[in-house]
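Report on the following structure.
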Amino acid sequence: MTSATPLLRFTPRAVPHADLEAVFIKRHHLVDKAISSVHELADGGGVHHHLFIGPRGVGKTHLMSIIAHRLNADATLANRIVVAWLDEDPWVVRDYASLIEHIADTASLTGVSDGPSLLAALAGRCLVIIAENLDDIFDRIETVGQHDLRGLIENSRSIMILGAAVARFADMSEHDRPFFGSFEVEDLTEFSVDEAAELLRLVAERDGDSELATFLESPHAKSRLKVVEALAGGHPRVWMLLAGCISIEAIDELVPLFLRSLDDLTPYYQERLKSLAKGHLAIVMTLCGNGLMGALPVGDIAKLSKVPEKSAPQLLDQLVEKGFVRFVRADGVPGVGDGRVRYYELREPLLRLSVQMKRTKGQLLGLVVQFLRTWHGVELLSATRIPVEGSLARLYVEAAVRGRDFLSLSELYDGTSEQLRGRAEGMRQLGAGEGSADLAEAYADYADGYFDAAIERLGTAITTLPSTDFRAFMALLLQAVAYVNIGRYDEAIGFLFAVLPDIERVLPDHPVTHKMRSNLAHALNKLDRHLEAAEVIEPAATMDPVYAFILLVSRLLQGELSGASEALRSAMRMPTADPSMSVEYLFGELAEQMLRKDPRSVVPWLVREFEAVDALDELGAGLLRALPRFLSVAGSERASDWALVWRHETADLPQMAIPVQVLAALTTWWETRQRKSLLSLPPELRDIAVPLAEKAIELEQLA
Amino acid sequence: MATVLERLGNQSVIIGAERRMGKTSLLRKLEAEANDKAFVICYRSVENTSSPTEFVEAIIEMVGRRLSPRHKIVKGLRNVLRDVGLKGIDIKGVTLDPAHAVAWKPLLERVIETIDRDKTKPVVLLIDELPYMLQKIAAADSPAIARDVLDTLRALRANHPGVRMLFSGSIGLHHALRQLHDPTIAWQPVNDMAAVSLGLLAPEDAINLAKRLLLGKNVATDTLDAVAARMAELVEGVPFYIHHLAAGVVEQFGRTADVPTPADIDALVEKAVLDPADPWQLAHYVTRLKDYFEEDHEVVAIILDLIARSDDPIGFDDLTKQLHAKKAKTPSDDEVRALLDLLERDHYLVKAGAGRVRFRLDIIRKAWRAKRYLDR
Numbered sequence: 000m001t002s003a004t005p006l007l008r009f010t011p012r013a014v015p016h017a018d019l020e021a022v023f024i025k026r027h028h029l030v031d032k033a034i035s036s037v038h039e040l041a042d043g044g045g046v047h048h049h050l051f052i053g054p055r056g057v058g059k060t061h062l063m064s065i066i067a068h069r070l071n072a073d074a075t076l077a078n079r080i081v082v083a084w085l086d087e088d089p090w091v092v093r094d095y096a097s098l099i100e101h102i103a104d105t106a107s108l109t110g111v112s113d114g115p116s117l118l119a120a121l122a123g124r125c126l127v128i129i130a131e132n133l134d135d136i137f138d139r140i141e142t143v144g145q146h147d148l149r150g151l152i153e154n155s156r157s158i159m160i161l162g163a164a165v166a167r168f169a170d171m172s173e174h175d176r177p178f179f180g181s182f183e184v185e186d187l188t189e190f191s192v193d194e195a196a197e198l199l200r201l202v203a204e205r206d207g208d209s210e211l212a213t214f215l216e217s218p219h220a221k222s223r224l225k226v227v228e229a230l231a232g233g234h235p236r237v238w239m240l241l242a243g244c245i246s247i248e249a250i251d252e253l254v255p256l257f258l259r260s261l262d263d264l265t266p267y268y269q270e271r272l273k274s275l276a277k278g279h280l281a282i283v284m285t286l287c288g289n290g291l292m293g294a295l296p297v298g299d300i301a302k303l304s305k306v307p308e309k310s311a312p313q314l315l316d317q318l319v320e321k322g323f324v325r326f327v328r329a330d331g332v333p334g335v336g337d338g339r340v341r342y343y344e345l346r347e348p349l350l351r352l353s354v355q356m357k358r359t360k361g362q363l364l365g366l367v368v369q370f371l372r373t374w375h376g377v378e379l380l381s382a383t384r385i386p387v388e389g390s391l392a393r394l395y396v397e398a399a400v401r402g403r404d405f406l407s408l409s410e411l412y413d414g415t416s417e418q419l420r421g422r423a424e425g426m427r428q429l430g431a432g433e434g435s436a437d438l439a440e441a442y443a444d445y446a447d448g449y450f451d452a453a454i455e456r457l458g459t460a461i462t463t464l465p466s467t468d469f470r471a472f473m474a475l476l477l478q479a480v481a482y483v484n485i486g487r488y489d490e491a492i493g494f495l496f497a498v499l500p501d502i503e504r505v506l507p508d509h510p511v512t513h514k515m516r517s518n519l520a521h522a523l524n525k526l527d528r529h530l531e532a533a534e535v536i537e538p539a540a541t542m543d544p545v546y547a548f549i550l551l552v553s554r555l556l557q558g559e560l561s562g563a564s565e566a567l568r569s570a571m572r573m574p575t576a577d578p579s580m581s582v583e584y585l586f587g588e589l590a591e592q593m594l595r596k597d598p599r600s601v602v603p604w605l606v607r608e609f610e611a612v613d614a615l616d617e618l619g620a621g622l623l624r625a626l627p628r629f630l631s632v633a634g635s636e637r638a639s640d641w642a643l644v645w646r647h648e649t650a651d652l653p654q655m656a657i658p659v660q661v662l663a664a665l666t667t668w669w670e671t672r673q674r675k676s677l678l679s680l681p682p683e684l685r686d687i688a689v690p691l692a693e694k695a696i697e698l699e700q701l702a
Numbered sequence: 000m001a002t003v004l005e006r007l008g009n010q011s012v013i014i015g016a017e018r019r020m021g022k023t024s025l026l027r028k029l030e031a032e033a034n035d036k037a038f039v040i041c042y043r044s045v046e047n048t049s050s051p052t053e054f055v056e057a058i059i060e061m062v063g064r065r066l067s068p069r070h071k072i073v074k075g076l077r078n079v080l081r082d083v084g085l086k087g088i089d090i091k092g093v094t095l096d097p098a099h100a101v102a103w104k105p106l107l108e109r110v111i112e113t114i115d116r117d118k119t120k121p122v123v124l125l126i127d128e129l130p131y132m133l134q135k136i137a138a139a140d141s142p143a144i145a146r147d148v149l150d151t152l153r154a155l156r157a158n159h160p161g162v163r164m165l166f167s168g169s170i171g172l173h174h175a176l177r178q179l180h181d182p183t184i185a186w187q188p189v190n191d192m193a194a195v196s197l198g199l200l201a202p203e204d205a206i207n208l209a210k211r212l213l214l215g216k217n218v219a220t221d222t223l224d225a226v227a228a229r230m231a232e233l234v235e236g237v238p239f240y241i242h243h244l245a246a247g248v249v250e251q252f253g254r255t256a257d258v259p260t261p262a263d264i265d266a267l268v269e270k271a272v273l274d275p276a277d278p279w280q281l282a283h284y285v286t287r288l289k290d291y292f293e294e295d296h297e298v299v300a301i302i303l304d305l306i307a308r309s310d311d312p313i314g315f316d317d318l319t320k321q322l323h324a325k326k327a328k329t330p331s332d333d334e335v336r337a338l339l340d341l342l343e344r345d346h347y348l349v350k351a352g353a354g355r356v357r358f359r360l361d362i363i364r365k366a367w368r369a370k371r372y373l374d375r
């Protein structure tokens, strides 16, 4: 790394303009908008005031600094505007008169004592007031000062305000306040993982580390960033903190790095807590919680923080205005209960995490982080990997036509469903044989989950294409896989048993062959033909952890525990990008199968075996991943049993604490359908639980 | 604008409207575009004016800014200032000696008299935020002084028909008058002025505004006509809500390739009405009743509930009958009439023919129903 000027995360105002520009992302349109308003003002057009709203650390000062610098550098505005960039913490402002003085000071205007002399000092130029913490300033000058300011602005028509605040505040949002509706309000949202990666990439580029810049775009880097995002809520200040100390080698250290950054932030949060009045502090500390703290309704907050129930709503409103607390809409999560009830949680997850870290000495947070790491690793990989059937088609084509110029053909059946449909259309227009187009559309249907439609189209393709054409064979294979997907196992089994010897002969030990074995074994397991399933998959079981897991399921359900245990060990020995992927893929099967058995007969074995191969993290993630399917077929009583058994069997395993707690919240929710159960989870876990709950409802309705 | 100018041709005017309906924009437009052969138009917000003396300064200043220094009115005003001991000062930024506080009335009379000296065309004083200034004077000095200002202005209007005044403000003047009212005297300080209620935008203007707000914002324009029409229709041409809706559309569609549809507009309105964060500040219509109607606020709320529940406009007899059924201690018919009048001035209600009333805006009715939990 070259040594560039250090980026100061708390004081962007002190950072050189060029450096701020180099790492500025996402909000260029807001800068353009504000600057175009200034031009309009200078040209004698209308007056537009802008207000940027966002929590601390979201990048308001960075944004305002960019605007201030660009205005000062704009030659077309020279001698036409004066910029008054007020202090970030405007202690000197006590009332309207001192505000005017402060404006004059920061704009280097002399001889100013009141509104009229300010206008005189401007000498025909326009004034742009840049005010971070505008809410604070309005508070200090009180309503009467706001009226005076507005009067000055209205009569001069040459003054505009570019303000920022942590949240909407009464002085701009209530009808009876002078500045009601006067601002064009822009909410500054947190960074997504992609945006964070972009920021880190820019910082790396600025520091001359192009290798890191490229690496940050990899799925591996993003899976780690996702964990930080889940915890930090996409808080830009945290990304800036991390940006300076990240490297390729340290990407797996990103999470510990984040924890250390959190430690750096602790004094900052302590300062902020100190500024709170007693009642406010009690509420904030309640919402920080001792354990996994989620959102709470007003009544619970009053009770837990011991503030009078009558004053709690008002205190909460004030905390919302101060940017400490936000309310969560209950109707954003599935379930029953009054969707209009307001639940509250801390606006900045980092505040909660920083307090919790002190309270639990980092233990709880460590567990959450560990779980999220596994979870997001899984999710990211499954979202970015090539669909199995897509890769199958490509592999087959490559194998069958090696050396011939058919490569372009293989690409025809790869891509998103939209692309595939577009290609089918193109094929039809080119008159390239109906079968090819049908096959492309069938792939698209399959990718979209329309398995019945895919089967029908494949039927057309199979009858249209010459039986010697490899595409006919691809169609037959895809049809078998589609049959498996819609539960027509008998048909799939019949076909696959028939073609397997031929495939084996043409492509011995080939991935396509193994894939067909796995589909066949999977279907056999579904029909409780576990012994046959084990025989079919065994030759492939050493090829891929997923296949080893199919063998594991077959053995386990067959009651052959030592064989199952061996399969698990063999799976965990295999080198793979992420072993939890296979657990995730197969745990659903296992869970569904286990509905028919007493969970007490299987869960202890699973916990013991996974612990033995050091794969409890994967077990936890897989357990949750499989839950929607499990819930959709299990009665609510069965679901509660399931959660109880898991809780009991993992009580002394901290690694399982987080997934089991999420499992408990989800099963309680399934039983009661009360939103409250999901809202009780902190946002980083709620974000995982809510999609699972929605998926369970969807599956239940389909069933 | 045409209506206001037409009225100003004959008399002074009070403009009433909710906040963010475009009052100030209208005043600005009048000043910018109607300063022609027919009128001299001067604008001034008296929001930062807190005494009668400062008010006189504001009047001098607004005229001084509009007319050239050589205009005979300006020369006359300079003479007036000289007579009170202020010589050679810039008439655009006049500050009177606080010692003149007691003498503001004769000074105001001389100023208005001077302004009326040019008989070629009426001079219109657009005085923005007058009700707020009156409240401030009443609080700082006494309600009697504030009343005196209004009475003096009324007398001056009668004696100097060449000077027209236009009062406007975020607070309805009728509320300020109610607060200043002395029950022992009959007081009608503005009944010589024409009241103009700022109408909603005409449909085509509302549609144009909606389109203007969406163009150039990276929102797909395939459906622009239909979407803009739906925006204008759903909020019945209230510019403030059109602005909010446009911001919502830009937020939802400005960064995607998705094309907004009229149904999306319905959803945005629904969301705004139901959102507990109340981004459009609709709860204000419920919460402000206490301030506006003081001890009557409960009965007013019940009246609005009854009207909000009814899908059709409701007649007076029907309303009072239902009111009796709802509330043990009901106001007399006359009192109900007076409250309905006030509700109409506060832009809640509008007469719907055949002696019936309804909510002026359907969106306010929706908001009222939602905030008061009337929807079953």
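Chains X and B are the protein sequences, given in the same order. Numbering-wise, numbering that gives the first Met the number 0 puts 142 at position 143 of the first sequence, and it's gapless, one number per residue. Numbering-wise, numbering that gives the first Met the number 0 puts 204 at position 205 of the second sequence, and it's gapless, one number per residue. Backbone N, C-alpha and C define an ideal beta-carbon position, used for all residues, glycine too.
Where the region 245 to 279 of chain B meets chain X: residues whose CB sits under 7 Å from a CB there: The residues in question are P275.
Chain X within 8 Å of A145 of chain B, Cβ atoms only: For the purposes of this step, residue 145 of chain B is identified with residue 146 of the second sequence, where counting begins at 1. Not an interface residue.
Chain-ordered chain B contacts of F326 of chain X [CB-CB under 9 Å]: In the first sequence, counting from the first residue as 1, residue 326 of chain X sits at position 327. In chain order: P275, A276.
Straight-line gap, L149 of chain B to H283 of chain B (C-alpha atoms, nearest Å): Sequence index remark: in the second sequence, residue 149 of chain B carries index 150 (1-based). Sequence index remark: in the second sequence, residue 283 of chain B carries index 284 (1-based). For the pair L149 of chain B and H283 of chain B, the Cα-to-Cα distance works out to about 29 Å.
Under 7 Å (Cβ pairs) to chain X, residues found in the region 335 to 347 of chain B: So the list is empty, because no residue satisfies the distance condition.
Any C-beta of chain B under 8 Å from that of E173 of chain X: As a position in the first sequence, residue 173 of chain X is number 174, starting the count at 1. With a threshold of 8 Å between beta carbons, E173 of chain X makes contact with chain B.
Residue ranges of each beta strand (DSSP E) within the region 162 to 226 of chain X, 3 or longer: Counting whole runs of 3 or more residues, the region 162 to 226 of chain X contains the beta strand (DSSP E) stretches 182 to 186.
The region 90 to 106 of chain X touching the region 132 to 140 of chain X, judged by at least three CB pairs closer than 8 Å: Yes, the region 90 to 106 of chain X is in contact with the region 132 to 140 of chain X.
Check whether A712 of chain X and M426 of chain X have beta carbons under 8 Å apart: Any question about residue 712 of chain X goes unanswered here, given that chain X covers just 0 to 702.
Where Q145 of chain X falls, given that 16 or more other Cβ within 10 Å makes a residue buried: The count along the first sequence starts at 1 and reaches residue 145 of chain X at position 146. Looking at its Cβ environment, which holds 16 or more other Cβ atoms inside 10 Å, Q145 of chain X is buried.
Separation of H521 of chain X from H529 of chain X, as counted between CA atoms: As a first step, residue 529 of chain X is located in the first sequence; it is residue number 530 there, counting from the start. As a first step, residue 521 of chain X is located in the first sequence; it is residue number 522 there, counting from the start. When the Cα atoms are used, H529 of chain X and H521 of chain X turn out to be separated by approximately 9 Å.
8 Å Cβ cut-off: residues of chain B touching D543 of chain X: In the first sequence, residue 543 of chain X corresponds to position 544, counting from 1. Chain order gives no chain B residues near D543 of chain X, where near means a beta carbon separation below 8 Å; the closest approach is about 38 Å.
Cutoff 6 Å; reference A695 of chain X; Cβ partners in own chain excluding five residues on either side: Numbered from 1 along the first sequence, position 696 holds the residue referred to as residue 695 of chain X. Same-chain partners within the cutoff: P627, L630, S631.
Where Q418 of chain X falls: helix, strand or coil (DSSP): Taking the first residue of the first sequence as 1, we reach residue 418 of chain X at position 419. Helix at Q418 of chain X.
Interface residues of chain B facing R149 of chain X [CB-CB closer than 7 Å]: As a first step, residue 149 of chain X must be located in the first sequence, where it is residue number 150. Correct list: E46.
Residue of B:A219, B:A231, B:G236 minimising C-alpha distance to L197 of chain B: Position 198 of the second sequence, counting from 1, holds the residue named residue 197 of chain B. By alpha-carbon distance to L197 of chain B, the top candidate from B:A219, B:A231, B:G236 is B:G236.
Reference R27 of chain B, options B:R43, B:L233, B:T220, B:A231, closest by Cα: Taking the first residue of the second sequence as position 1, residue 27 of chain B is located at position 28. Of the residues B:R43, B:L233, B:T220, B:A231, the one whose Cα lies closest to the Cα of R27 of chain B is B:R43.
Interface positions of the region 141 to 168 of chain X facing chain B (Cβ-Cβ less than 7 Å), listed along the chain: Going along the region 141 to 168 of chain X in chain order, one finds H146, D147, R149, G150, L151, E153, N154 with a Cβ nearer than 7 Å to chain B.
8 Å Cβ cut-off: residues of chain X touching D127 of chain B: Taking the first residue of the second sequence as position 1, residue 127 of chain B is located at position 128. Within chain X, the residues E153 have their CB atoms less than 8 Å from the CB of D127 of chain B, given in chain order.
CB contact check: V535 of chain X to chain B, cutoff 8 Å: Taking the first residue of the first sequence as position 1, residue 535 of chain X is located at position 536. For V535 of chain X, the answer is no, since every Cβ of chain B falls outside 8 Å of its Cβ.
Entirely enclosed alpha helix (DSSP H) segments - the region 292 to 341 of chain X, minimum 4 residues: If you keep only unbroken alpha helix (DSSP H) runs of at least 4 residues inside the region 292 to 341 of chain X, you get 297 to 304, 311 to 321.
Residue from B:A31, B:F54, B:A300 whose Cα sits closest to the Cα of A145 of chain B: Here residue 145 of chain B refers to the residue found at position 146 of the second sequence. That would be B:F54, whose Cα lies nearest to the Cα of A145 of chain B.
Buried or exposed by the 16-neighbour rule on C-beta atoms within 10 Å, applied to M0 of chain B: What you label residue 0 of chain B is simply residue 1 of the second sequence in a count that begins at 1. Counting of Cβ neighbours within 10 angstroms places M0 of chain B among the exposed residues, the total staying below 16.
Reduced DSSP secondary structure (H/G/I, E/B, other) of W84 of chain X: Position 85 of the first sequence, counted from the start, is the residue given in the question as residue 84 of chain X. Shown here, W84 of chain X sits in a strand according to DSSP, grouped into three states.
Test: F179 of chain X CB closer than 8 Å to a CB of chain B: As a first step, residue 179 of chain X must be located in the first sequence, where it is residue number 180. By this cut-off, F179 of chain X is an interface position.
C-alpha distance - F315 of chain B paired with P690 of chain X, whole-angstrom precision: As a position in the second sequence, residue 315 of chain B is number 316, starting the count at 1. As a position in the first sequence, residue 690 of chain X is number 691, starting the count at 1. Going by C-alpha positions, F315 of chain B is about 53 Å away from P690 of chain X.
Neighbour flag for G114 of chain X against chain B, beta carbons, 8 Å: Position 115 of the first sequence, counting from 1, holds the residue named residue 114 of chain X. It does; some Cβ of chain B falls within 8 Å.
Amino acids of chain X, ordered along the chain, whose beta-carbon sits closer than 7 Å to that of T220 of chain B: Translated into positions along the second sequence, residue 220 of chain B becomes position 221. Those within 7 Å of T220 of chain B in chain X number zero; the least Cβ separation is about 18 Å.
Any C-beta of chain B under 8 Å from that of S409 of chain X: The count along the first sequence starts at 1 and reaches residue 409 of chain X at position 410. Note on S409 of chain X: pLDDT 46, under 50, position unreliable in the model; no value is reported.
Validate contact between the region 185 to 205 of chain X and the region 66 to 77 of chain X using beta carbons, cut 8 Å, 3 pairs: Taking a contact to require three or more Cβ pairs closer than 8 Å, the region 185 to 205 of chain X and the region 66 to 77 of chain X do not qualify as touching.
For I439 of chain B: DSSP bridge partner residues: Only positions 0 to 375 of chain B appear in the structure, and residue 439 of chain B is not among them; the question remains open.
Residues that T52 of chain B contacts on chain X, provided the C-beta gap is smaller than 8 Å: Counting from 1 along the second sequence, the entry for residue 52 of chain B is found at position 53. Per Cβ cutoff of 8 Å: no residues; T52 of chain B is ~15 Å from chain X at best.
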